[in-house]
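Structure first, then comments.
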Amino acid sequence: MRQKNPEKMAETIKVLTEEKRLFPPPQEFKESAHIKGMEEYTALYKESVEDPEGFWDRMAGIVDWTKKWDKVFECDFEKPEIKWFLGGRLNAAYNCIDRHLKGFRRNKAALIWESDEGEVKTYTYQQLSREVNRFANVLKKKGATKGDRITIYLSMIPELVIAALACARIGAIHNVVFGGFSSASLRERISDCASNLVITADEGVRGGKSVPLKRNTDEAIADYPCVENVIVVKRTGAGVSMTEGRDTWWHEEISEPDIEEISEPEEMDSEDPLFILYTSGSTGKPKGVLHTTGGYLVYTALSFKWIFDYKDEDIFFCTADIGWITGHSYVIYGPLACGATCLIFEGTPTYPEPDRFWEIVDKHRVNILYTAPTAIRALMRYGDEWVKKHSLASLRLLGTVGEPINPKAWMWYHEVVGKGRLPIVDTWWQTETGGILITPLPGATTLKPGSAGRPFFGVKPLVLTKEGKEAGSNEGGYLVIEDSWPGILRGTYGDPEKKRMKELYFSHFPGLFFTGDGARIDGDGDYWLMGRIDDVLNVSGHRLGTAEIESALASHLDVSEAAVVGYPHEVKGEGIYAFVVLREGMEVPGGFEKTLGGQVKKVISPIARPDKIQFTTGLPKTRSGKIMRRILRKIAGGRTEDLGDVSTLADPSVVDELVKGRK
Ligand code: WTA
Numbered sequence: 198m199r200q201k202n203p204e205k206m207a208e209t210i211k212v213l214t215e216e217k218r219l220f221p222p223p224q225e226f227k228e229s230a231h232i233k234g235m236e237e238y239t240a241l242y243k244e245s246v247e248d249p250e251g252f253w254d255r256m257a258g259i260v261d262w263t264k265k266w267d268k269v270f271e272c273d274f275e276k277p278e279i280k281w282f283l284g285g286r287l288n289a290a291y292n293c294i295d296r297h298l299k300g301f302r303r304n305k306a307a308l309i310w311e312s313d314e315g316e317v318k319t320y321t322y323q324q325l326s327r328e329v330n331r332f333a334n335v336l337k338k339k340g341a342t343k344g345d346r347i348t349i350y351l352s353m354i355p356e357l358v359i360a361a362l363a364c365a366r367i368g369a370i371h372n373v374v375f376g377g378f379s380s381a382s383l384r385e386r387i388s389d390c391a392s393n394l395v396i397t398a399d400e401g402v403r404g405g406k407s408v409p410l411k412r413n414t415d416e417a418i419a420d421y422p423c424v425e426n427v428i429v430v431k432r433t434g435a436g437v438s439m440t441e442g443r444d445t446w447w448h449e450e451i452s453e454p455d456i457e458e459i460s461e462p463e464e465m466d467s468e469d470p471l472f473i474l475y476t477s478g479s480t481g482k483p484k485g486v487l488h489t490t491g492g493y494l495v496y497t498a499l500s501f502k503w504i505f506d507y508k509d510e511d512i513f514f515c516t517a518d519i520g521w522i523t524g525h526s527y528v529i530y531g532p533l534a535c536g537a538t539c540l541i542f543e544g545t546p547t548y549p550e551p552d553r554f555w556e557i558v559d560k561h562r563v564n565i566l567y568t569a570p571t572a573i574r575a576l577m578r579y580g581d582e583w584v585k586k587h588s589l590a591s592l593r594l595l596g597t598v599g600e601p602i603n604p605k606a607w608m609w610y611h612e613v614v615g616k617g618r619l620p621i622v623d624t625w626w627q628t629e630t631g632g633i634l635i636t637p638l639p640g641a642t643t644l645k646p647g648s649a650g651r652p653f654f655g656v657k658p659l660v661l662t663k664e665g666k667e668a669g670s671n672e673g674g675y676l677v678i679e680d681s682w683p684g685i686l687r688g689t690y691g692d693p694e695k696k697r698m699k700e701l702y703f704s705h706f707p708g709l710f711f712t713g714d715g716a717r718i719d720g721d722g723d724y725w726l727m728g729r730i731d732d733v734l735n736v737s738g739h740r741l742g743t744a745e746i747e748s749a750l751a752s753h754l755d756v757s758e759a760a761v762v763g764y765p766h767e768v769k770g771e772g773i774y775a776f777v778v779l780r781e782g783m784e785v786p787g788g789f790e791k792t793l794g795g796q797v798k799k800v801i802s803p804i805a806r807p808d809k810i811q812f813t814t815g816l817p818k819t820r821s822g823k824i825m826r827r828i829l830r831k832i833a834g835g836r837t838e839d840l841g842d843v844s845t846l847a848d849p850s851v852v853d854e855l856v857k858g859r860k
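When we follow the numbering used here, the leftmost residue of the sequence shown carries the number 198, and every step to the right adds one.
In structure tokens, the structure reads:
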């Protein structure tokens with residue numbers, strides 16, 4: 198297994214172009230914030246880690262339970278065994294909708310959807326309730342029941358939220374697959390969790406282009422007869438083939454006469470699964486990270502409320518696609534559990550022009566904007582004018598997620614978008630953590646551009662050296678988490694004995710949760726995230742395993758071997774560099790790079806297509822046959838003058854060829 202990687206760690210301790218200025222919370226913000234200053238944070242944090250039982254017992258009231266828990270938690274990272282709010286019963290969809298219908302929120306906007314073309318649709322909590330109820334009835338009519346896995350393959354349209362909440366309402370486990378994934382990736386994710394119902398659309402629309410979602414679905418399940426039902430949203434009206442007896446239209450299903458009946462939410466145990474979300478790791482195929490109901494909901498709701506300092510009058514705009522964890526936790530569950538108004542956007546930041554985000558902010562008077570560093574860097578390149586065309590006066594808080602933000606991009610976000618007055622929350626977390634773990638609190642933290650601040654309540658991170666000792670101040674090392682928090686993953690799908698879970702997350706440093714990230718803690722106790730230290734790439738905030746891309750390349754008949762590494766990329770954060778060895782004696786055919794790019798697109802997704810492909814006759818391997826990725830990373834990153842010791846290679850001459858042929 199390829200895993201801990203000290204060389205990559207050393208490489209990633211990049212000396213950031215340090216921005217020394219500090220940004221204390223603005224007085225006005227501080228006064229009205231939920232957490233009003235460092236003293237309050239420190240006291241509450243202390244309580245949360247010294248008495249987690251008492252703290253979470255008090256906090257869990259943020260959601261409504263039909264039966265209170267008997268015990269707050271039972272966790273053992275050695276096994277691993279993780280349970281929160283044992284014996285408690287609740288329903289996530291009830292918490293995200295029904296409970297808001299009793300008071301003033303009934304007529305409040307829950308979702309504001311802006312389409313790629315600029316059309317707007319708004320759902321109040323009352324309206325969302327009707328749609329979710331109707332679709333829950335549709336699912337039941339199809340025979341779906343508690344525990345069934347339902348795959349949702351849609352682009353960013355309201356039906357995606359409705360479908361997910363309808364699953365939660367009936368106790369089915371949703372498996373959302375990002376609409377940018379290929380049919381092969383979709384098939385893998387449908388079959389791994391043995392899902393027999395798929396929800397998709399005729400087409401998805403993004404940045405003026407359409408994505409053939411239904412066609413991809415047809416391809417994905419052509420040789421997988423276990424899918425009995427496909428429900429299709431009519432998004433564009435494009436002609437699609439509908440398989441008799443299997444495929445039906447969403448709009449027809451929800452118009453059936455008996456569909457309005459009230460479907461009571463299924464009462465779930467706190468530890469019943471809520472959803473699976475596939476994510477890439479350093480080895481093998483993507484794994485289905487499993488989250489359960491009670492702890493996840495408490496954690497996403499509380500973190501949403503305090504980190505984004507959410508108040509009932511705010512409009513929250515998270516630009517993430519629901520196909521990723523950010524969309525699950527901070528478009529659907531956290532915000533809706535808090536009764537928030539969420540803006541969801543179907544398109545891209547640059548279509549039709551690179552001021553689309555800013556146009557949306559002004560049009561809807563958005564108050565809180567949560568986006569990714571890659572989007573910020575991309576927009577920054579178009580120049581300040583695009584931002585300055587808009588007032589952005591409604592904004593009061595900015596956030597980022599997905600990858601380290603470089604101080605230059607942070608400063609631009611702060612000065613040009615935030616007019617120098619808005620706090621920025623740089624939130625660090627992962628699919629596996631369920632919610633944000635390390636973050637500033639906007640009314641408390643003095644911000645340092647590039648630092649993600651301190652741990653959220655109840656979270657105990659540690660930075661360890663290779664030997665497992667606590668790293669000194671600014672030394673850097675492996676980021677691990679001691680002890681459990683309510684939002685942590687409960688397993689990976691298809692691994693009831695938790696063997697894989699143990700190996701992936703709890704074996705590197707026994708008894709501690711291994712994040713796969715490098716970090717350093719500065720003298721003040723602030724965290725600086727340094728990126729992945731395993732073989733996972735973070736390309737434009739998308740998580741991709743090098744092993745997956747290598748296997749997609751090697752699935753081409755003419756490829757004998759491939760090795761993929763990341764290299765610094767100005768906009769994407771990390772670019773994908775592939776070293777490819779063709780079949781013995783084969784010349785590189787003209788246009789072959791494009792062919793291989795197409796192969797990766799077909800097997801995984803366009804997001805995994807290598808930026809650079811270098812053909813070579815060999816790869817640098819040790820005598821035992823292990824590829825020395827350290828060397829490849831240096832070549833890909835242009836640091837060829839310092840390749841380190843190559844004498845342990847089986848054939849050191851290959852290094853010269855690689856350096857000469859560098860792209
Ligand atoms: C990276 C996304 C630095 C990190 C929520 C992590 C970050 C991986 C940050 C998880 C941040 C996320 N600063 N790095 N603020 N946020 N990451 O599972 O490497 O898609 O391990 O979850 O993104 O990606 P995932």
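Just so you know, even glycine gets a beta-carbon here, dropped at the ideal spot from N, CA and C. Values in this document were obtained by computation on a predicted structure and should not be read as measured data.
Sixteen is the threshold: when 16 or more other Cβ atoms of the shown chains lie within 10 Å of the Cβ of GLU629, as they do, the residue is buried.
Distances from the CB of ALA805 to the heavy atoms of ligand 1 are all 8 Å or more.
When distances are taken from the beta-carbon of VAL528 to the heavy atoms of ligand 1, even the shortest one reaches 8 Å or more. The Cβ atoms of LEU362 and LEU325 lie closer than 9 Å to each other.
Distances from the CB of ARG740 to the heavy atoms of ligand 1 include at least one below 8 Å.
CA-CA distance, GLY673 to PRO601, rounds to 15 Å. Rounded to the nearest angstrom, the gap between the Cα atoms of PHE332 and VAL427 is 13 Å. Counted as a single uninterrupted DSSP element, the stretch harbouring ASN671 is not any alpha helix (DSSP H), since DSSP gives it neither H nor E. In this structure the region 845 to 856 does not lie against the region 786 to 798, because fewer than three pairs of beta carbons, one per stretch, are closer than 8 Å. Between the beta-carbon of ARG687 and that of THR476 there is about 14 Å, and that puts the pair past the 8 Å contact cut. Going by DSSP, GLU311 is part of the beta strand (DSSP E) stretching over 306 to 311. Restricting attention to beta strand (DSSP E) runs no shorter than 3 residues, the region 561 to 592 encloses them at 565 to 568, ordered along the chain. The criterion of a C-beta distance shorter than 9 Å is satisfied by GLY485 and TYR690. Around PHE375, the same chain offers ASP518, GLY520, TRP521 as residues with beta carbons nearer than 7 Å, after the five sequence neighbours per side are excluded. In the DSSP assignment, THR624 falls within the beta strand (DSSP E) that extends over 621 to 624.
Closer than 8 Å to some heavy atom of ligand 1: that does not describe the Cβ of ARG651. Taking each of GLU457, PRO683, PRO422 in turn and checking the Cα distance to THR440, the smallest one comes out for PRO422.
Cβ-Cβ distances below 6 Å link PHE711 to VAL677, TYR702, HIS705 in the same chain, with the five nearest sequence neighbours on each side left out; the list follows chain order. Close CB contacts of LYS265 within its chain, under the 7 Å cut and outside five residues either way in sequence, are with GLY285 (chain order).
In this structure, ALA716 lies near TYR675, with their beta-carbon atoms less than 9 Å apart. Contact between PHE274 and LEU709 holds, with the beta-carbon distance rounding to 6 Å and staying under 8 Å. Here DSSP, grouped into helix, strand and coil, assigns ILE730 to coil.
ASN603 sits in coil when the DSSP states are folded into three classes, being neither helix nor strand. DSSP, read as helix, strand or coil, puts ASP399 in coil. GLN811 is bridged by DSSP to PHE776. When secondary structure is reduced to three states using DSSP, PRO551 falls in the coil class, being assigned neither helix nor strand.
Ranked by Cα distance from PHE472, the options LEU855, ILE685, ARG432 are led by ILE685. For THR497, the closest of PRO683, SER392, LYS227 by C-alpha to C-alpha distance is PRO683. Take the alpha-carbon of MET698 and the one of ARG255: they are about 30 Å apart. For TRP281, the uninterrupted beta strand (DSSP E) segment begins and ends at 278 to 283. When DSSP states are grouped into helix, strand and coil, PRO422 belongs to the coil group. DSSP, read as helix, strand or coil, puts MET783 in coil.
DSSP, read as helix, strand or coil, puts MET465 in strand.
Here the distance from the Cβ of VAL733 to the nearest heavy atom of ligand 1 is below 8 Å. If you compare the alpha carbons of GLY632, GLU612, ILE294, ASN603 with that of PRO646, the shortest gap goes to ASN603.
For secondary structure counted as the alpha helix (DSSP H) over 4 or more consecutive residues, the region 304 to 360 holds these complete runs in sequence order: 322 to 338.
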